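Undergrad: Line by line, the protein sequences are chains A and B.
So this note's numbering is basically just the index in the first sequence, starting at one, shifted up by 170.
Numbering follows this note's numbering, with no gaps: position 108 of the second sequence is 95.
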Amino acid sequence: MFGMRKESRSAVAAISFWERLIPCKQRLYNYIQKSLNFSVEADDVFQETVLHAFQYFRSFEEGKEFRAWLFAIAHNEVKKHYKKASKISSSLAPERLGSADTSHLRHLVGEVYRFAEKMKPRQREVFFLFYDGGFTISDISRITGLREGNIKFLLNQARRNLKTILGEQNV
Amino acid sequence: MSEDKNLDEKITRLVRSIEKDIPPAVEEIIQARAASLRLRLGLLKLRRPLFLALVPSSAAVLLAAFFLLPLSQKPQPPISEIRTEFEIADKNIKIIFIQKPDFNLFKEN
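What follows is the structure in C-alpha cells.
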C-alpha cells in the first residue's frame, strides 16, 4: 500500500516535471546552443541538462521559479562542458545562423553573433541569459552565482560594444 | 536610460531572430534515457527497504541457531576413566595412573 502510494507520487512528480519543461525547453535549447556557439556538442549538453533536472526534480522547491532552476542546471552543464573541452568548435557562419527576414537583418544578426562568439564563456552566458532568455539581472545572479554589479558591468560592456557595431550599421 | 532600453530591445530582437528547433532525435533520446533512469531510480527505491528488512530477520535467525543448536546435539556419555601417563625417556620408565569411578582417593582400609 505504502509502496504503491510512493510509486504513484513519483509518477505524479515525473508528469509534473515534463509539463513544466514544455514551455521552457525551446528557450533552454537555444540558450545552450548559443552559449556554446552552436557547437555540435550542444545537443549532448542539452540532453544532460534535461536528464539532470529530471533526476533531481525532487530537490526543486515548490513556489520557486522552475525556469530559473532549470537554467541554473544548464549553466552548470555549460560550465562543465567548457572545463572539459579546451576549445569549442564553433560554426557561426551566417548561412548556418538560419533565415533572418532580409539580407540586411541577416547581416546585423551575423554581427551580433560574431560579437558574442568573441566573448568569454561567462560573459556570453550572461549575454544570452539576458537577451535570449529574457531573465532579469537578479535572476541571472541566482542562476550563475555572479554578483548583480558584475552582471551589470558585463552587460554594459556588451551594450557599449554593440552600440558601436550596430550604430554604424543603422539598425 | 531609454536609449539603453531601445538598444536592448534591438539586440533582443536580433538575438531571438535565430531560433533553433530541438531535433526530434534529441527528444527521442531524452525520453528513452529518462524512462530508463526512472526505472533505475524506482528499483533503487524498492531495493533499499527490502535490504533493510533482511537485516533484523537474519539477526533473529542467527540468534535462534545459537541458542537451539546445543539442544539438538546428543548428550555425551559419562566419563568412565581418567588416564594419566608419565614417561621418563632416558631412564626407560613409564608411569600410568588410571582413575576409575569406583576409586576413592581418600579411602581408609
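Even for Gly, the Cβ is constructed at its ideal location relative to N, Cα and C.
A quick note: this is a predicted structure, and the numbers were derived from the prediction, not measured.
Whose Cβ in chain A lies nearer than 7 Å to the Cβ of L1(B)?
TA: L278, V279, V282
Undergrad: Whether or not the stretch 305 to 323 of chain A and the stretch 228 to 247 of chain A are in contact is what I'm after, with contact meaning three or more pairs of Cβ atoms, one per stretch, closer than 8 Å; do they touch?
TA: yes
Undergrad: So with Cβ pairs under 9 Å, would you call L56(B) a contact of chain A?
TA: no
Undergrad: Just to confirm, is the Cβ distance from R70(B) to F54(B) under 9 Å?
TA: no
Undergrad: With three or more C-beta pairs closer than 8 Å as the rule, is the stretch 48 to 68 of chain B touching the stretch 247 to 254 of chain A?
TA: no
Undergrad: Going by other Cβ atoms of all chains shown within 10 Å of its Cβ, with 16 needed for buried, is G303(A) buried or exposed?
TA: buried
Undergrad: Determine the burial state of R330(A): buried for a count of at least 16 other Cβ atoms within 10 Å of its Cβ, exposed for fewer.
TA: exposed
Undergrad: Taking 9 Å as the cut-off, decide whether the C-beta atoms of A286(A) and F298(A) are in contact.
TA: yes
Undergrad: Tell me which residues share the same chain as E247(A) and place their Cβ nearer than 6 Å to its Cβ, disregarding the 5 neighbours each side in the sequence.
TA: V215, E218, T219
Undergrad: Determine, for I98(B), whether the minimum Cβ-Cβ distance to residues of chain A falls below 9 Å.
TA: Nothing about residue 98(B) can be reported from this structure: the residues present for chain B run from -12 to 96 only.
Undergrad: If we call anything under 9 Å between Cβ atoms a contact, is L221(A) one with A21(B)?
TA: yes
Undergrad: Which bits of chain A does L(-6)(B) rub up against, with CB to CB less than 8 Å?
TA: What L(-6)(B) touches in chain A: R329, L332, K333, L336.
Undergrad: According to DSSP, which residues form a beta bridge with D71(B)?
TA: First, the residue type needs correcting, since residue 71(B) is Thr and not Asp in the sequence shown. In DSSP, T71(B) forms a bridge with F84(B).
Undergrad: If I'm right that L278(A) touches L332(A) with Cβ under 8 Å, what's the distance once you round it to whole angstroms?
TA: That belief does not hold up - the Cβ atoms of L278(A) and L332(A) are roughly 10 Å apart, past 8 Å.
Undergrad: Reducing DSSP to helix, strand and coil, say where P57(B) ends up.
TA: Looking at P57(B) - three-state DSSP - the assignment turns out to be helix.
Undergrad: For the alpha helix (DSSP H) that contains K7(B), what are its first and last residues?
TA: That residue, K7(B), is in no alpha helix (DSSP H); it is neither H nor E in DSSP.
Undergrad: Find out if the Cβ-Cβ distance for the pair D309(A), E235(A) is shorter than 9 Å.
TA: yes
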